[in-house]
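Contents: one structure, followed by commentary.
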Ligand SMILES: Nc1ncnc2c1ncn2[C@@H]1O[C@H](COP(=O)(O)OP(=O)(O)OP(=O)(O)O)[C@@H](O)[C@H]1O
Ligand SMILES: [Mg+2]
């Protein structure tokens, strides 16, 4: 349903160039578009007495934002500002309470549960802070997990070959039979990156992907994501860390369920100005 050039994995490991902006493409249609999206959680039930009365949480208060193919976006903001809520909506893990969500031509906000999980398994790759690997499964089986949510359940030779390519891409080609507990945190997150790529997704979404990792390993994971972006993948990540966000091309800041700032990252500003140094972060309305 969505037109997409398949990623050529032989080109994934490319030396990242400093400046190749596809972030703000004029005259191009977004691949993902949110318009006045609200997400409200109602906690507790009515009629349980005043102490346990319903509490309404406005997690998103009318967010409008577009994402374009090839973007590399960091979403930042204080705890509770709505970052994960927005990422989960983008990833079709949840539906907005109101507002529009279009992925290409498709009206995601009004899809059925089945349609939603179909979009999720075909077009979206997820990377989570806690890796979310299945402990009983091998590296190979974990990478292939999204495939089992669609199709006949049979894994083809081509898919097995692709899995091995992905495992090699993340440096785990010789660990296909290992189980998560036999791997370091960084290696587990690399399995998650390979898993996120198995369907050659439209978008990779990462929520605090380096939150549990040391600095050197975080850097390694970010290099890997950077290479995927250079190879054409759209990446949207949530992070608390300025230096992690600095890898992105565009930075969105959230506060109390709203986007309060949205613009190019410092490296993009510096590169655009032809400077080696970091430039100031600007507000883009
Ligand atoms: N399933 C839920 N039920 C009720 N409230 C929720 C739910 N998920 C999130 N919230 C609330 O919505 C608000 C936004 O939460 P969200 O998880 O999006 O924040 P966040 O920016 O990701 O924070 P953090 O940096 O701590 O991960 C918070 O007030 C949170 O308590
Ligand atoms: Mg969060």
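In my numbering, the protein residues as written are 13 to 297.
No residue lacks a Cβ here, since even glycine has one placed at the ideal position from N, Cα and C.
It should be emphasised that the depicted structure is a prediction, and the values quoted were computed from it without experimental measurement.
I believe residue i touches residue j by the beta-carbon criterion, under 8 Å. Please report the beta-carbon distance rounded to the nearest angstrom.
i, j, result
"residue 93", "residue 269", "7 Å"
"residue 175", "residue 155", "5 Å"
Does the beta-carbon of residue i have 16 or more other beta-carbons within 10 angstroms, so that it is buried, or is it exposed?
i, result
"residue 83", "buried"
"residue 219", "buried"
"residue 41", "exposed"
"residue 250", "buried"
"residue 277", "buried"
"residue 54", "exposed"
Taking DSSP as the reference, what is the three-state secondary structure of residue i?
i, result
"residue 53", "strand"
"residue 273", "strand"
"residue 210", "coil"
"residue 225", "coil"
"residue 44", "strand"
"residue 279", "helix"
"residue 252", "coil"
"residue 190", "coil"
"residue 84", "strand"
"residue 144", "coil"
"residue 106", "coil"
"residue 18", "Note that residue 18 scores a pLDDT of 47, beneath 50, so its modelled location is shaky and nothing firm can be said."
Could you name the residues of the same chain whose beta carbon sits closer than 8 Å to that of residue i, not counting the 5 residues immediately before and after it, in chain order?
i, result
"residue 112", "45, 46, 47, 48, 49, 119 and 121"
"residue 128", "104, 107 and 120"
Residues in its own chain within less than 7 Å of residue i by CB, not counting five upstream and five downstream?
i, result
"residue 103", "132, 136, 138 and 217"
"residue 213", "135, 136 and 137"
"residue 108", "49, 50, 51, 101 and 121"
"residue 141", "219, 220, 221, 223 and 224"
"residue 167", "156 and 159"
By Cβ distance below 6 Å, which residues in the same chain neighbour residue i in space, the five residues on each side in sequence not counted?
i, result
"residue 204", "139 and 143"
"residue 284", "none"
"residue 169", "none"
Closer than 8 Å, CB to CB, is residue i near chain B or not?
i, result
"residue 160", "The displayed structure is made up of one protein chain only, and chain B is not part of it."
Which residues end up in the neighbourhood of ligand 2 when you take C-beta atoms closer than 7 Å to any of its heavy atoms? 95, 96, 219, 220 and 250
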